[in-house]
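Structure first, commentary second.
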Amino acid sequence: MTVQEQRDPTASRPLPPPTGAGFADPGPLGLAGFAATTFFLSVVNTNMVGASVTSAVFGLAMFYGGIAQLLAGMWEFAKGNTFGAVAFSSYGAFWLSFWYLLHDAVPSQVAAKANVVDVLHGVALYLLVWAIFTAYMTVASMRTTGAITTVFVLLTLTYIALVIGFFAESPAQFAANSNGWIRLGGWLGILTALAAWYASFAGVTNSTFKRVVAPVFPR
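Encoded structure:
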């Protein structure tokens with residue numbers, strides 16, 4: 088043992104690998120899961136298809152939008168990416184809670200003959216929580232890429248339109264699926280999904296080709 092090693096026993100030890108070494112970028116996975124689920128539900132909100140098909144989104148909401156995004160968020164924590172970790176973990180939780188809301192909570196309230204207006208206002212408050220979260224995440228997204236910022240700006244507008252729609256929704260409009268604000272939220276949601284799919288496509292394609300194929304406009 089050298090004199091230096093006697094003074095500092097750790098001197099000859101290799102440095103630990105950097106945080107997140109060996110992890111692939113989980114961003115494209117999280118964005119794809121978010122985009123697919125958002126697209127499906129937004130098409131329903133535009134009234135292009137009947138509201139009865141909403142139940143078909145439950146699988147996407149739980150496994151792709153929910154669990155896959157939650158896992159992406161955990162991997163972002165391991166990589167040291169605070170923004171990605173908070174975003175993917177939160178929206179994964181959003182889709183899991185959305186699955187519970189539409190699969191159990193709302194149907195049980197309707198079956199119990201709860202006041203329909205109260206139920207709609209409850210959904211509006213739920214969406215308002217996510218509108219506030221998305222708005223301040225939009226500020227943070229301005230230090231990421233133009234593609235990601237576009238997703239968050241569109242998502243904020245989507246939530247705002249849906250919040251207004253559900254607060255103004257009447258039982259008659261709900262039955263006819265004719266609320267204009269909710270339909271606007273559906274179209275904005277489709278644009279949000281397309282932007283998220285593009286960001287996912289760019290992430291996985293640029294990584295695979297080892298060069299910029301699809302620009303994301305980094306800051």
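Residue numbers (my numbering): 88 to 306.
Backbone N, C-alpha and C fix where the C-beta goes; we use that ideal spot for every residue, glycine too.
All values derive from a computational prediction rather than experimental measurement.
Burial state of residue i (16 or more Cβ within 10 Å)
i    : result
G179 : buried
V310 : Only positions 88 to 306 of the chain appear in the structure, and residue 310 is not among them; the question remains open.
N202 : exposed
P302 : exposed
A286 : buried
A257 : The sequence shown places Ser at residue 257, rather than the Ala named in the question. So S257 counts as exposed.
S142 : exposed
I219 : exposed
K166 : buried
T237 : buried
F296 : exposed
Y246 : buried
F304 : exposed
T243 : buried
Element boundaries [alpha helix (DSSP H), containing residue i]
i    : result
K297 : Neither: K297 is in no alpha helix (DSSP H) and is coded neither H nor E.
H208 : V203 to S228
Backbone secondary structure at residue i - three-state DSSP
i    : result
T133 : coil
P113 : coil
G273 : helix
K166 : helix
S177 : helix
S257 : coil
L147 : helix
T89  : Unreliable positioning characterises T89 in this predicted model, as indicated by a pLDDT of 48, which lies under 50. The coordinate reading is nonetheless provided below. T89: coil per DSSP, three-state reduction.
Bridge partner(s) assigned by DSSP for residue i
i    : result
T232 : P305
8 Å Cβ cutoff met for residue i and residue j
i    : j    : result
L188 : Y151 : no
L215 : V193 : no
I277 : V131 : no
G233 : W186 : no
T231 : R306 : yes
L207 : L241 : no
M149 : L118 : no
T125 : A255 : no
P76  : A159 : For residue 76 there is no data in the structure shown, the boundaries of the chain being 88 and 306.
A147 : F121 : It is Leu, not Ala, that sits at residue 147 in the sequence shown. The answer is no: Cβ separation not under 8 Å.
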